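My numbering applies: residue 20 is where the sequence shown begins, and numbers increase by one. Structure, as structure tokens:
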Amino acid sequence: MKCYKKDYPRPQFVRDNWMNLNGTWDFGFDDENRGEKEAWYETFKGERQIQVPFTYETVLGGIGEEEIHENVWYRRSFGVNGEMLCGRRLLLHFEGSDFLTKVWVNGSFAGSHRGGYSRFSFDVTDLVRDGENELVVKVEDSTDIRQPRGKQRWIKENFACWYVQTTGIWKTVWTEYVPKVSLKAVKMTPVLEDFCLEVEYQVDAPESMWDGSLRVEAEVSIDGKFINKVCTAVISEHVNARIDVSRKNSGFAWIVKMWSPEEPNLYDITFRVVRDSEVLDTVGSYFAMREIRIEQRNILLNG
Numbered sequence: 020m021k022c023y024k025k026d027y028p029r030p031q032f033v034r035d036n037w038m039n040l041n042g043t044w045d046f047g048f049d050d051e052n053r054g055e056k057e058a059w060y061e062t063f064k065g066e067r068q069i070q071v072p073f074t075y076e077t078v079l080g081g082i083g084e085e086e087i088h089e090n091v092w093y094r095r096s097f098g099v100n101g102e103m104l105c106g107r108r109l110l111l112h113f114e115g116s117d118f119l120t121k122v123w124v125n126g127s128f129a130g131s132h133r134g135g136y137s138r139f140s141f142d143v144t145d146l147v148r149d150g151e152n153e154l155v156v157k158v159e160d161s162t163d164i165r166q167p168r169g170k171q172r173w174i175k176e177n178f179a180c181w182y183v184q185t186t187g188i189w190k191t192v193w194t195e196y197v198p199k200v201s202l203k204a205v206k207m208t209p210v211l212e213d214f215c216l217e218v219e220y221q222v223d224a225p226e227s228m229w230d231g232s233l234r235v236e237a238e239v240s241i242d243g244k245f246i247n248k249v250c251t252a253v254i255s256e257h258v259n260a261r262i263d264v265s266r267k268n269s270g271f272a273w274i275v276k277m278w279s280p281e282e283p284n285l286y287d288i289t290f291r292v293v294r295d296s297e298v299l300d301t302v303g304s305y306f307a308m309r310e311i312r313i314e315q316r317n318i319l320l321n322g
């Protein structure tokens, strides 16, 4: 895949300008839940260290304690390139943090998120400065049985199929510079019978640009061979496109390259947000064309 980047946490929506914040963080338990009242986001009082994205319950996290701690805190510094912020926003992404996560940047509250399994993001552009910045995170993980928890236990010991809880940050944390006019999301749906890919774009742009001058280009290739390029005018926040991915000429021995476990063929696709001749945003991705086989059976109904 052309868009592959080692350790990049979002492989089907890849940009170049990002920073992985995994690694060693300062860490502390807050069993009396005093941290917010004492403003740990300004003067951090944790005395331990942890390896993010592993939780304190794991050996790889560097702590390996399975006791329940309902309030935990994290801190680390991260760099910001002031020049990169010109015409861009800085997004702070969490791929997973269990359960209630609160975030401060340079002592200012950036936002919160409730839930242990979905990714979430904060726009921290107005909270950062050129050079070193401080990121502080508090995570609350209740033993309340009404909290969604999968198969995590809510009592001290493991029992039946319930195992040790997972508290706090458990997936990658990272930052990303995003153009102010950008591609916000893409939904790709392969349509095998028509040899095409249906694409739905969500574009982050002011309504004043919905006059057709703003476009999204999609360029498809496979194994370094060009397949097709489709340009779509942005006339609303959501726009759709249909891309033919078949090749019948030019020496190709196939119409569509299928994906299978034996031959895991993947198409590369590059999206560009363009206005006039200026490329405002570039995102790399991939997709597969796969046949879905449904076994048909004759069912005899005895009346």
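Every residue, glycine too, gets a C-beta built ideally from N, C-alpha and C. Treat the numbers as computed from the prediction; the structure is a model and nothing was measured.
In three-state terms, what does DSSP make of M14?
The structure shown does not extend to residue 14, since the chain is modelled only from 20 through 322, so no value can be given for it.
Of the residues H112, G98, Y196, which one's Cα is nearest the Cα of E151?
By 1-based counting over the sequence shown, the position of residue 151 is 132. When each option's Cα is compared against that of E151, the closest is G98.
Buried or exposed: where does G80 fall if 16 or more other Cβ atoms within 10 Å of its Cβ makes it buried?
Translated into positions along the sequence shown, residue 80 becomes position 61. Using a 10 angstroms sphere on the CB of G80, the tally of other CB atoms reaches 16 or more, which defines it as buried.
Around the Cβ of M308, are there at least 16 other Cβ atoms within 10 angstroms (buried) or fewer (exposed)?
The residue given as residue 308 occupies position 289 in the sequence shown. Buried.
Quick one: Cα of S161 to Cα of S131, how far?
Counting from 1 along the sequence shown, the entry for residue 161 is found at position 142. Counting from 1 along the sequence shown, the entry for residue 131 is found at position 112. Whole-angstrom Cα-Cα distance: 16 Å.
Give me whichever residues DSSP pairs with V183 in a beta bridge.
In the sequence shown, residue 183 corresponds to position 164, counting from 1. In the DSSP output, where bridge partners are listed per residue, V183 has none listed.
Taking L146 as part of the beta strand (DSSP E), name the residues at either end of that continuous run.
One-based indexing of the sequence shown puts residue 146 at position 127. From DSSP, L146 is part of no beta strand (DSSP E); its letter is neither H nor E.
The beta strand (DSSP E) enclosing E297, as first and last residue numbers
Translated into positions along the sequence shown, residue 297 becomes position 278. Residues 297 to 306.
Under DSSP, the beta strand (DSSP E) around C250 begins and ends at which residues?
Locating residue 250 in the sequence shown gives position 231, where the first residue counts as 1. Where C250 is concerned, the enclosing beta strand (DSSP E) stretches over 244 to 252.
Based on Cα-Cα distance, which residue from G187, N41, Y27 lies nearest to D35?
The count along the sequence shown starts at 1 and reaches residue 35 at position 16. Checking every option, the nearest Cα to that of D35 belongs to Y27.
Please name the residue in W193, L285, L109, R294 whose C-alpha comes closest to that of P209.
Sequence index remark: in the sequence shown, residue 209 carries index 190 (1-based). Checked all of W193, L285, L109, R294; the closest Cα to P209 is L285.
Consult DSSP for D213 and reduce its assignment to one of helix, strand or coil.
As a first step, residue 213 is located in the sequence shown; it is residue number 194 there, counting from the start. Helix.
Report the residue ranges of all beta strand (DSSP E) runs contained in full by the segment 74 to 129; include only those spanning at least 3 residues, in chain order.
You should have 90 to 99, 107 to 113, 119 to 124.
Distance, Cα to Cα, T289 vs R94?
Start at 1 with the first residue of the sequence shown, and residue 289 comes out as number 270. Start at 1 with the first residue of the sequence shown, and residue 94 comes out as number 75. Their backbone Cα atoms lie some 36 Å apart in a straight line.
Beta strand (DSSP E) segment containing W189, residue limits
Residue 189 sits at position 170 when you count from the first residue of the sequence shown. W189 -> no beta strand (DSSP E), and no H or E assigned at all.
One question on the structure: do L233 and V302 come within less than 8 Å of each other, judged by their Cβ atoms?
Stepping through the sequence shown from its first residue, residue 233 is reached at position 214. Stepping through the sequence shown from its first residue, residue 302 is reached at position 283. No, Cβ-Cβ distance for L233 and V302 is not below 8 Å.
Using a threshold of 8 Å, state whether the C-beta atoms of G42 and Q70 are closer than that.
What you label residue 42 is simply residue 23 of the sequence shown in a count that begins at 1. What you label residue 70 is simply residue 51 of the sequence shown in a count that begins at 1. In contact: G42 and Q70 (Cβ atoms closer than 8 Å).
8 Å is my cut-off, CB to CB: does V33 come that close to chain C?
The chain inventory of the structure shown lacks chain C, comprising one protein chain alone.
Using the Cβ count rule (16 or more neighbours within 10 Å means buried), how would you classify I313?
Working through the sequence shown from its first residue, we reach residue 313 at position 294. Unreliable positioning characterises I313 in this predicted model, as indicated by a pLDDT of 44, which lies under 50. A coordinate reading is not provided.
Determine the extent of the beta strand (DSSP E) in which T162 is found, giving its start and end residues.
If you number the sequence shown from 1, residue 162 lands on position 143. T162 -> no beta strand (DSSP E), and no H or E assigned at all.
Put M277 into one of helix, strand or coil per three-state DSSP.
On the sequence shown, position 258 is the one that residue 277 refers to. Reduced to three states, the DSSP call for M277 is coil.
Rounded straight-line distance, which links the Cα of V205 to that of G134:
For the purposes of this step, residue 134 is taken as the residue at position 115 of the sequence shown. For the purposes of this step, residue 205 is taken as the residue at position 186 of the sequence shown. G134 and V205 have their alpha carbons spaced roughly 23 Å apart.
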